[in-house]
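Take a look at the structure below.
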Amino acid sequence: MAKIGFIGTGIMGHPMAANLQKAGHNLLLSEHHGKAPADLIAAGAVALASPKEVAQEAEFVIIMVPDTPQVEDVLLRADGVAAGIGKGKIVIDMSSISPTATKAFAAKINEKGAQYLDAPVSGGEVGAKAATLSIMVGGDSQAFERALPLFQSMGKNITLVGGNGDGQTAKVANQIIVALNIQAVAEALLFAAKNGADPAKVREALMGGFASSRILEVHGERMIKGTFDPGFRINLHQKDLNLALSGARELGINLPNTANAQQVFSTCNAIGGGNWDHSALIKGLEHMANFSIRDKH
Numbered sequence: 341m342a343k344i345g346f347i348g349t350g351i352m353g354h355p356m357a358a359n360l361q362k363a364g365h366n367l368l369l370s371e372h373h374g375k376a377p378a379d380l381i382a383a384g385a386v387a388l389a390s391p392k393e394v395a396q397e398a399e400f401v402i403i404m405v406p407d408t409p410q411v412e413d414v415l416l417r418a419d420g421v422a423a424g425i426g427k428g429k430i431v432i433d434m435s436s437i438s439p440t441a442t443k444a445f446a447a448k449i450n451e452k453g454a455q456y457l458d459a460p461v462s463g464g465e466v467g468a469k470a471a472t473l474s475i476m477v478g479g480d481s482q483a484f485e486r487a488l489p490l491f492q493s494m495g496k497n498i499t500l501v502g503g504n505g506d507g508q509t510a511k512v513a514n515q516i517i518v519a520l521n522i523q524a525v526a527e528a529l530l531f532a533a534k535n536g537a538d539p540a541k542v543r544e545a546l547m548g549g550f551a552s553s554r555i556l557e558v559h560g561e562r563m564i565k566g567t568f569d570p571g572f573r574i575n576l577h578q579k580d581l582n583l584a585l586s587g588a589r590e591l592g593i594n595l596p597n598t599a600n601a602q603q604v605f606s607t608c609n610a611i612g613g614g615n616w617d618h619s620a621l622i623k624g625l626e627h628m629a630n631f632s633i634r635d636k637h
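Every letter in the sequence shown is one number past the one before it in my numbering, and letter 206, counting from 1, is 546.
Following this line, the structure appears as structure tokens:
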């Protein structure tokens, strides 16, 4: 069983850390940002003052924070992971951040004699709790093999995509597909309801054909019922699409539908929905149409 430093015990990180604990691993938590969760401490986790102390004590250090600046802070602050990491240790960033920044972070950790894996996840809070996350990994194959038992305690579909940054690239690609599928389902249900059809019955009919998808199944139902508690928040999905669009500019390519989905998310933000589940993208379309599929007409 491994000594694992876990930094970032929020909506996703908390259940992921709990699953590592259930698998018998020993957790070390950093309290530089706030108090460690009481349930993890009660189950045997040890709270330390800083990421540096965590890195000094742990064999693996897992980071699960919201965005690139937070990863940079955890790694490179004066009392950060890089100040305490050493030879033979592995840093695993499971946040969803910039692939370009990831390559730079990996280089800094490698300079210390440690290894770096970027391992963003898909599956949301539900997948984090159920330990069924999809995990997309970038980094050295030997480091991946060492970390694999940890990943297997948190997820199901675990893929070594390539070198450092490639895990993050796969996650950005995932978020493009998810956003465009949500928009496709939302537009279809809006069209059906505005045309006088029952959107629930239309969804039922479509579930049996080529248009069927997990998004139509899960998020289509959320759209019809109006259950928009996250889940995965719109403002976090916007962050991921920003990574896609800024990356596209760097690569000199055009992602027109990704840009359009981002604008609909921006409409949701403008009407106060930044913390809604991303299935609430439909509310941006409804706002523009001045029509709700949940109104009885």
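Glycine included, C-beta positions come from ideal geometry on N, C-alpha and C.
- Item | Assigned secondary structure, Phe-400 (DSSP; H/G/I helix, E/B strand, else coil) | strand
- Let me know the secondary structure DSSP gives Lys-565 once reduced to three states. helix
- Task: Select from Gly-353, Val-421, Ile-347 the residue whose C-alpha is nearest the C-alpha of Met-494.
- Result: When only C-alpha atoms are compared, the closest one is Gly-353.
- Message: Tell me the DSSP secondary structure of Ile-430 in three-state form.
- Response: strand
- Task: For my contact list, Ser-481 and Pro-460 are in at a C-beta cut-off of 8 Å; report their separation, rounded to the angstrom.
- Result: Actually they are not in contact, since the Cβ atoms of Ser-481 and Pro-460 sit about 18 Å apart, beyond 8 Å.
- Message: In whole angstroms, give me the CA-to-CA distance for Leu-620 and Thr-509.
- Response: One point to set straight first is that residue 620 is Ala, not Leu, in the sequence displayed. In a straight line, the C-alpha of Ala-620 is about 25 Å away from that of Thr-509.
- Query: Per DSSP, what kind of secondary structure is Val-405 in: helix, strand or coil?
  - Reply: Assigned with DSSP and collapsed to three states, Val-405 falls in coil, not helix or strand.
- Task: Please specify which runs of the alpha helix (DSSP H), each continuous and at least 4 residues long, are wholly inside the stretch 496 to 559, giving them in chain order.
- Result: 506 to 534, 539 to 546
- Task: Look at Ala-454 and Ile-475 and say whether their C-beta atoms are less than 8 Å apart.
- Result: No, they are not a contact pair.
- Item | Segment contact, 8 Å Cβ cut-off, at least three pairs: the stretch 482 to 493 with the stretch 586 to 604 | no
- Query: Which whole-angstrom value describes the C-beta separation of Lys-429 and Val-401, a residue pair presumed to lie in contact below a C-beta threshold of 8 Å?
  - Reply: Right, the Cβ-Cβ distance comes to about 7 Å (below 8 Å), so this counts as a contact.
- Item | Lys-294: first and last residue of the uninterrupted beta strand (DSSP E) it sits in | In this structure the chain extends from 341 to 637, so residue 294 is not present and cannot be described.
- Take Gly-478 as the anchor and find which of Ala-471, Gly-464, Thr-440, Gln-515 has the nearest alpha-carbon. Thr-440
- DSSP beta-bridge partners of Arg-573: DSSP links Arg-573 through a beta bridge to Asp-617.
- Message: Quick test of your reading: Thr-598 and Met-628, contact by CB under 8 Å. State the CB separation rounded to the nearest angstrom.
- Response: With a beta-carbon spacing of about 19 Å, Thr-598 and Met-628 fall beyond the 8 Å limit used to define contacts.
- Contact set for Val-385: own chain, Cβ-Cβ below 6 Å, skip 5 residues either direction: Just to set this straight, residue 385 is Ala in the shown sequence, not Val. Closer than 6 Å at the Cβ level, and outside the excluded window around Ala-385, lie Leu-367, Leu-369.
- State the Cα-Cα distance for the pair Gly-566 and Asp-379, rounded to the nearest angstrom. 32 Å
- Query: Straight-line CA distance for Leu-415 to Val-501?
  - Reply: 23 Å
- Task: Spatial neighbours of Gln-523 within its chain, please: CB distance less than 7 Å, with the 5 preceding and 5 following residues excluded, ordered by chain position.
- Result: Ala-601, Val-604, Leu-621
- Message: How far does the beta strand (DSSP E) with Asn-366 in it extend, from its first residue to its last?
- Response: 366 to 370
- Item | Cβ separation of Leu-388 and Leu-530, assumed to be a contact under 8 Å, to the nearest whole Å | No, Leu-388 and Leu-530 are not in contact; Cβ-Cβ is about 50 Å, not under 8 Å.
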